[in-house]
Amino acid sequence: MHMLDLMSSIIMEGDGVTQELLDTILINLIPAHKNLNKQAYDLAKTLLKRTVQTIETCIANFFNQVLVMGKSSVSDLSEHVFDLIQELFSIDPLLLTSVMPQLEFKLKSNDGEERLAVVRLLAKLFGAKDSELATQNRPLWQCFLGRFNDIHVPVRLESVKFASHCLMNHPDLARDLTEFLKVRSHDPEEAIRHDVIVTIINAGKKDLNLVNDQLLGFVRERTLDKRWRVRKEAMMGLAQLFKKYCLHHEAGKEQAQKISWIKDKLLHIYYQNSIDDKLLVEKIFAQYMVPHSLDTEEKMKCLYYLYACLDTNAVKALNEMWKCQNMLRGLVRELLDLHKLPASEANTTAMFGKLMTISKNLPDAGKAQDFMKRFNQVLGEDEKLRVQLDTLISPTCSCKQAELCVREITRKLTFPKQPTNPFLEMVKFLLERIAPVHIDSEAISALVKLLNKSIEGTADDDEEGVTPDTAIRSGLELLKVLSFTHPTAFHSAETYESLLQCLKMEDDKVAEAAIQIFRNTGQKIETELQQIRSTLIPVLHQKAKRGTPHQAKQAVHCIHAIFCNKEVQLAQIFEPLSRSLNADVPEQLITPLVSLGHISLLAPDQFASPMKAIVANFIVKDLLMNDRSVGNKNGKLWTSDEEVSPEVLAKVQAIKLLVRWLLGMKNNQSKSANSTLRLLSAMLVSEGDLTEQKKISKSDMSRLRLAAGGAIMKLAQEPVYHDIITPEQFQLCGLVINDECYQVRQIFAQKLHLALVKLLLPLEYLAVFSLCAKDPVKERRAHARQCLLKNISIRREFINNNPLAHDKMMSLLPEYVVPYMIHLLAHDPDFTKPQDFEQLRDLKECLWFMLEVLMVQNENNSHAFLRKMVENIKQTKDAQCPDDPKANEKLYIVCDVALFVIVNKSTACHLESPKDPVLPSKFYTPPDKDLINDKEYLSSEARTVLLTGKPKPSPVLSTVNKTLTVPGRRVYNKTTGSDSNTSTHSQPSSPVTKTRDVVTESSEGGARENEENPVITKTDDGKKEDTVTSDLTTGASTIPKPRRGRPPKATPSPLANEKEGGAGKGRKRAAPAQDSAPSGEPNSIKIPKAEDVTQILDLQR
């Protein structure tokens, strides 16, 4: 102690401290010396503390020479300056009062490595537990934060790593860090984006209060990162937070509520195309959201309340997940069944097909194929392994049994042992997807008990954050979904008793779900549970007669599915309903019509004849051909379901009944289908007002047009009816996708897509999507394009995976849609002037809308095939009207425009076509070999216009101070101050100039309410058609041949009269909304945005 006092006195009273003396003191602070001689370190530390005011100047001088002037020779300690600064700061920050500005200077050095060293040092100083440097030296702190944006990648990476310690030790600095972490979360370097996530998640796992909503939002964004490593880190991080704070409630309900969005977000990722994302969501669900390690009751409680709290899209994603897993189980089951058959070439081919499909449901499809072939080989050789796998995918396999099977299969495949076994890892992926880790009979019983508690009011619903009604409804929906994937697990008297209770509840949705569960799972009720059967039958009868339409449908299907004497049961429903039909009370008609329609669909042999009399005498003559009530004349094109008049709802169900009746018969011996198709066509021609008495409202007409278009599309799915649908009827049906009402277009397009994607509709209906190029709403065009991409992809995949499909190329190969598209566009009511530049531009846009998707790749020289196909069409005539020179000229003009687009898009189209295309005889006459039609129907001026893509007269899709165009069915004319009944229609421009969508677009959301859509005024071209009548009893019809387009309804505007041939034949002209500004002032309409997730859903499902 005496020595310390002596040294302190010498330093404080002396003239200064020499560099040699300073080195002697500071050398003991270097980590290597510090660890070797602890006493010397303590002595130096105490000495520095005592002499801080005197020695600080000397220290500053030393660091100034080394850091600023770069004189490393002044001391042997020059290479340890950053270690010394850290030690001096920990001893007393006052020792570095003059040194800190020098560090700020160093942070701005041109040498990246030097900046990196300073950043590492300051990260330790700022991040130390009790450090107040950030608040005491704001300029240095701000300069340090600037390094988050450093050009040198390691510097940015080091800055991000520092943020984790800073968030944990200094929560008050989180606000300063947030903006810089936001920028780094979008860093081009994958490692930096990854570390941003790690930083935030680590802080959140320590204490959720350390990370604000903005920081969690950055992690949320990165779940959609382009790099798998980043996406995985973000998803796993959020999953860990969810398990800790939402599942285990480690920080209370308030904190759990703060991150309640995580469960929905994670499940939404299941919609991503990458199989890696899907597999990770499944893993997260099984380990973090509903941990499979919990006992059954706890596990099902987690699932029960999780399902009740999910948003709609998350529920759909979870349902899709179970559906995919069930599908994969089915594929493995089919593979095992093939192993039971004798070896043959056909069997080997079938096995190969199954293996390819299974591989697509595993990561890295290329490797997965090789590993699945190897796994299949092992299965063929090891019978015990097949038995274990068969047990695993058995409907009766319990969760505990599944765990043992997976362990046993894995054990058999681990020999020989290797450090890494990618084959085993791939098999584990497969086993994880097909193993029933959550649902078995015991789990279903636990769910039913929870449902019973919610019904009785003894459950913990309120504590879990849901109301009892929500818990009951979502619980039934959960059981309904599981009844599709695990029907065997429901077979117990206790489960069915609870479902019978639900059938008697007032909530319609609950009862409907209960009926559907019976329908899916009740095949053994009649033989094994007689008491349940006797109670269920009268309830089903009551629902079929007086329940809601959905309940009636499910009740009829339930009776048909689970009872042996279904004919007797259905007759007991059919007879009283058929006698009680009364068109004067439409409110009481809807449920009977639904029940009768589904009965005639399920039991056509039994009820075809009595249904024919009902259809002829009641459905057509009494219901569809009469308007008993006057509709609401508010001018809206669409109203909510609640506002639709009962009479129109009954008519919609009547149209559906006609379709179900025909689909049940599946023959046209009585010509009833011809009469029905003419009736539906007349409905479309008359705008939905079949009687043309003008009693029906515009919104109700929209409903009936949608029903008629959907009905023709439904009938086209049955080959016997597809063959009798005329080209004119097909065109009328297709034009619905250009309907004046936004919702009609939207719903029709969705129905069309779903039928095409399941390969239910003939290929020609894919051509209808080309008309979507005319849609003025950008989101509708985008949706149509996604539908085309999806459908074309599915057809190509189907052809590749099915060798037998090569015999049906004309109905499957996407390129064969071109002849149908050309014919459809040649008969487009808008195409009235063959040489009109505007109409030719519209034609080109429609053709390019389809060809752009078809020509993405030149597979098998498909571009030349397309060119050859179009050239062949020019050697034929229009089979719809072969002797009409104008019709044929329009056909050839469309061909020339198509050739123009193909030639300008592809340089390979002039090659030799791989094979000669076949044209559909229904639309084209056989080619005349003696006639060579090499005439060019497009003038040179027209070609120039198409090539340069001159802009339209005036874009109208802007939502500011512009008149909004309606998604309509006629040409859109420019609005003038004196006439506000028409508006301009803006089309995308040329595929060559790539100027598509340059005008401001109206939003999809803007059409949610048709008050915001202009009301449509119609043109009048003369006389009305005669009233449509039909006698389906004899199969004959007195319906006149439908006129193309829609009939006129209003006085023509001055502009309408100027358009030749446009009246009564084209799409609707758009006019401003009724509550719009005077015609001299353009409208300014606010367009709400459509939700992004909703738009993804339409396509991923």
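The sequence shown begins at 54 in my numbering and counts up by one. Every residue gets a Cβ at the ideal spot worked out from N, C-alpha and C, and that includes glycine.
### Task
Assign H806 to one of two classes, buried (16 or more other C-beta atoms within 10 Å of its C-beta) or exposed (fewer than that).
Buried, because 16 or more other Cβ atoms sit within 10 Å of the Cβ of H806.
### Query
Whose C-alpha, out of N925, D983, Q892 and P935, is nearest the C-alpha of R996?
For the residues N925, D983, Q892 and P935, the minimum Cα distance to R996 belongs to Q892.
### Message
Residues in the same chain with beta-carbon distance under 7 angstroms from C555, minus the five sequence neighbours each way, listed in chain order, please.
### Response
For C555, the CB contacts under 7 angstroms within the same chain, skipping 5 residues up- and downstream, are L529, V563, A564 and A567 in chain order.
### Message
Quick check on this structure: which residue in V459, L96 and L193 has the alpha carbon closest to the alpha carbon of L156?
### Response
Taking each of V459, L96 and L193 in turn and checking the Cα distance to L156, the smallest one comes out for L193.
### Bridge partners - L931, DSSP secondary structure assignment
In the sequence under discussion, the amino acid at residue 931 is Asp, which differs from the Leu named in the question. Paired residues: Y977.
### Message
Ignoring anything shorter than 3 residues, give me the beta strand (DSSP E) runs that lie fully in the region 742 to 825, in order along the chain.
### Response
Within the region 742 to 825, no complete beta strand (DSSP E) run reaches 3 residues.
### Query
Taking all protein chains shown into account, do 16 or more other C-beta atoms lie within 10 angstroms of the C-beta of K413, making it buried, or fewer, making it exposed?
That one is exposed.
### Range of the contiguous alpha helix (DSSP H) that encloses F179
That run of the alpha helix (DSSP H) goes G165 to G180.
### Task
Report yes if the CB atom of C948 is closer than 7 angstroms to the CB atom of V971, and no otherwise.
The answer is no: Cβ separation not under 7 angstroms.
### Query
DSSP three-state call for V152: helix, strand or coil?
Coil at V152, not helix or strand.
#### Entry: Terminal residues of the alpha helix (DSSP H) in which R282 lies
First-last of the alpha helix (DSSP H) with R282: W281 to F295.
### Message
Going by DSSP, what residue range makes up the alpha helix (DSSP H) through H247?
### Response
Segment E243 to K259, the alpha helix (DSSP H) holding H247.
### Task
Could you pull out every residue in the same chain whose Cβ sits closer than 7 angstroms to the Cβ of I1149, ignoring the five residues on either side in sequence?
With a pLDDT of only 32 at I1149, under 50, the local geometry of the prediction cannot be trusted, and the value read off the model is given with reservation. For I1149, same chain residues with a beta-carbon under 7 angstroms away, outside a window of 5 residues either side, are Y324 in chain order.
### Task
Please state whether DSSP places G697 in a helix, a strand or coil.
According to the sequence displayed, residue 697 carries Val and not Gly. In the displayed model, V697 falls within coil according to three-state DSSP, outside both helix and strand.
### Message
Rounded to whole angstroms, what is the Cα-Cα separation between F783 and N505?
### Response
Rounded to whole angstroms, the gap between the alpha carbons of F783 and N505 is 52 angstroms.
### Task
Please say whether P416 and D522 have beta carbons closer to each other than 7 angstroms?
Against a cut-off of 7 angstroms, the Cβ pair of P416 and D522 comes out as no contact.
### Query
For the putative contact between L294 and I254, defined by C-beta atoms under 8 angstroms, what is the C-beta separation to the nearest angstrom?
Yes, they are in contact, since the Cβ atoms of L294 and I254 sit about 7 angstroms apart, within 8 angstroms.
### Query
When the Cα atoms are used, what is the spatial distance from V871 to Q933?
Taking the straight line joining both Cα atoms gives about 17 angstroms.
### Task
Give me the Cα-Cα distance between L816 and R731, rounded to the nearest whole angstrom.
For L816 and R731, the distance between alpha carbons rounds to 22 angstroms.
### Task
Starting from the Cα of S633, find the closest Cα among A608, C617, K598 and L466 and give me that residue.
Looking at the Cα atoms, K598 is the closest of the given residues.
### Query
Taking the C-alpha atoms as reference points, what is the distance between E73 and F135?
Each residue's Cα considered, the two are about 19 angstroms apart.
### Message
I'd like to confirm something about F115: is its beta-carbon nearer than 6 angstroms to some heavy atom of the ligand MG, or not?
### Response
With respect to small molecules bound, the structure shown includes none, and the ligand MG cannot be examined in it.
### Buried/exposed call for N855, threshold 16 Cβ in 10 Å
N855 should be labelled exposed.
### Message
What does the alpha-carbon distance come out to for the pair K311 and L371?
### Response
Straight-line Cα distance between these residues: approximately 22 angstroms.
### Query
Cα-Cα, which of R427, L82, Y818 and K533 is closest to I144?
Among R427, L82, Y818 and K533, the Cα nearest to that of I144 is on L82.
### Query
Nearest to V810 by alpha carbon, out of T779, I204, H775 and R849?
The option with the nearest alpha carbon to V810 is R849.
### Task
Measure the C-alpha to C-alpha separation of T231 and Q195 and round it to an integer number of angstroms.
Using only the alpha carbons, I get a separation of about 13 angstroms.
### Message
Here's a check: name, in chain order, each residue in its chain whose Cβ is nearer than 8 angstroms to the Cβ of H775, leaving out the five neighbours to either side.
### Response
Leaving aside the five residues that flank H775 on each side, the residues in its chain whose CB is nearer than 8 angstroms to its CB run, in chain order, L768, A769 and P815.
#### Entry: As assigned by DSSP and simplified to three states, the class of Q888
For Q888, the secondary structure class from DSSP, reduced to helix, strand or coil, is coil.
### Message
Classify F851: buried if its beta carbon has 16 or more other beta carbons within 10 angstroms, exposed otherwise.
### Response
F851 counts as exposed, since fewer than 16 other beta carbons sit within 10 angstroms of its beta carbon.
### Message
Out of L623, T444, L676 and P629, which one is the CA nearest neighbour of A654?
### Response
Strictly speaking, residue 654 in this sequence is Leu, with Ala absent from that position. Considering only L623, T444, L676 and P629, the residue with the shortest C-alpha distance to L654 is L623.
### Task
Report, in whole angstroms, the separation of the C-beta atoms of P663 and S631, which I expect to be a contact under 8 angstroms.
Going by Cβ atoms, the distance from P663 to S631 rounds to 7 angstroms, so yes, they are a contact pair.
### Task
Out of A546, R386 and V70, point me to the one whose CA is closest to L445's CA.
With distances taken between Cα atoms, L445 lies closest to R386.
### Query
How many Å lie between L438 and I411 at the Cα?
Using only the alpha carbons, I get a separation of about 18 angstroms.
### Query
Based on Cα-Cα distance, which residue from A488, G433, D883 and H86 lies nearest to P395?
Among A488, G433, D883 and H86, the Cα nearest to that of P395 is on G433.
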